[in-house]
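Numbering (UniProt numbering), first residue to last: 1 to 320. C-beta: ideal position from N, C-alpha, C; glycine also. As the structure is a computational prediction, the values presented were derived from the model and not from experiment.
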């Protein structure tokens, strides 16, 4: 990022609740507690701020990534030349949609893209709204979960998705109904052309908010269900160490953790990065691992599993 680009971003955000930060280590912004430096980082609190900021980035020819809660990203030690965006304020709130939006007994709920999944599920429980209990214990933000169609224990967030509100590089707000999306395992794609008759790539947009179809239920039953899902996750996954959750996507008809364990890689280390002895599909940072350590271990796991089982594991974690 050159001086002129820095000055433009600094000027735009001068009176915002959060001003631009430059040359930021991403170690504190990743649940893996590792990563290189980003040229810039900003917290954005409102939809108009987001629109103005994306327009400025476009004019300055700067790339960006929204990092949510940092639970599924790893910035390489080379660093990121653009701006990391975190959605805050209005863009992390939850609220029910107008009463007339109720469809077939289901209530539409709007959650900001920056809202943590934990906060969202807690709100749903208190309101007696069911449908996403299986997401309990999954870290990250609503926007990030939607972008990768996150899921667990047989469910996916896309099962309850109604529509998205996105912002493009030109600052335009685009309403995307569920019918215009193709959701598959850990992937979301647009079908055809959306808005301005141009093809869209979800990676080029920011998910400002998402609406979900939820089912009115009994608060205590929903809370009990969430508690049960959380207990199942905690009993099988490492705790007390830095990780990004499941590191690899499950190949069709199999489980990445089973393959990695069968390859004898539980406990295998590279520097201070380790394949968890608790669950083989977790790469954990046992101390001060670098991003290079984690990526080297990832490649070693991929190569060993491929040699033994002719299966190429794909990372679920986004490498930036």
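With H, G and I counted as helix, E and B as strand and the rest as coil, what does DSSP make of residue i?
i	result
residue 86	strand
residue 58	helix
residue 14	coil
residue 110	strand
residue 251	coil
residue 291	helix
residue 228	helix
residue 7	helix
residue 127	coil
residue 47	helix
residue 223	helix
residue 140	coil
residue 135	helix
residue 214	strand
residue 316	coil
residue 272	coil
residue 283	strand
residue 67	coil
residue 260	helix
residue 28	helix
Cβ atoms of residue j and residue i: under 8 Å apart, would you say?
i	j	result
residue 260	residue 76	no
residue 111	residue 210	yes
residue 128	residue 257	no
residue 79	residue 40	no
residue 86	residue 114	yes
residue 308	residue 279	no
residue 10	residue 26	no
residue 160	residue 223	no
residue 251	residue 282	no
residue 175	residue 189	no
residue 90	residue 46	yes
residue 191	residue 181	yes
residue 50	residue 208	yes
Measuring alpha carbon to alpha carbon, tell me which of the options ends up nearest residue i.
i	options	result
residue 185	166, 85, 174, 154	154
residue 297	315, 88, 171, 239	315
residue 93	143, 313, 52	143
residue 221	124, 50, 34	124
residue 168	300, 22, 52, 42	52
residue 137	208, 226, 50, 95	226
residue 31	191, 141, 133	141
residue 72	20, 139, 201, 172	139
residue 28	18, 70, 233	70
Let's test the definition: count the other Cβ atoms within 10 Å of the Cβ of residue i and tell me whether it reaches 16, buried, or not, exposed.
i	result
residue 157	buried
residue 33	buried
residue 170	exposed
residue 264	exposed
residue 253	exposed
residue 231	exposed
residue 179	exposed
residue 15	exposed
residue 2	exposed
residue 116	buried
Using a Cβ-Cβ cut-off of 6 Å (strictly less than) and excluding sequence neighbours within five positions of residue i, which residues of its own chain qualify?
i	result
residue 267	277
residue 313	248, 256, 302, 305
residue 63	82
residue 246	281, 316
residue 97	108, 110
residue 104	none
For residue i, which residues of its own chain have a beta-carbon under 8 Å away from its beta-carbon, when the five flanking residues on both sides are left out?
i	result
residue 187	148, 149
residue 198	Caution applies to residue 198, whose pLDDT of 47 falls short of 50 and renders its modelled position unreliable; the model cannot decide the point.
residue 269	275, 286, 297
Apart from the five residues just before and just after residue i, which ones in its own chain have a Cβ nearer than 7 Å to its Cβ?
i	result
residue 8	56, 60
residue 272	285, 286, 287, 288, 289, 293
residue 177	163
residue 291	34, 35, 36, 74, 75, 76, 77
residue 338	Because the chain spans 1 through 320 in this model, residue 338 falls outside it and cannot be assessed.
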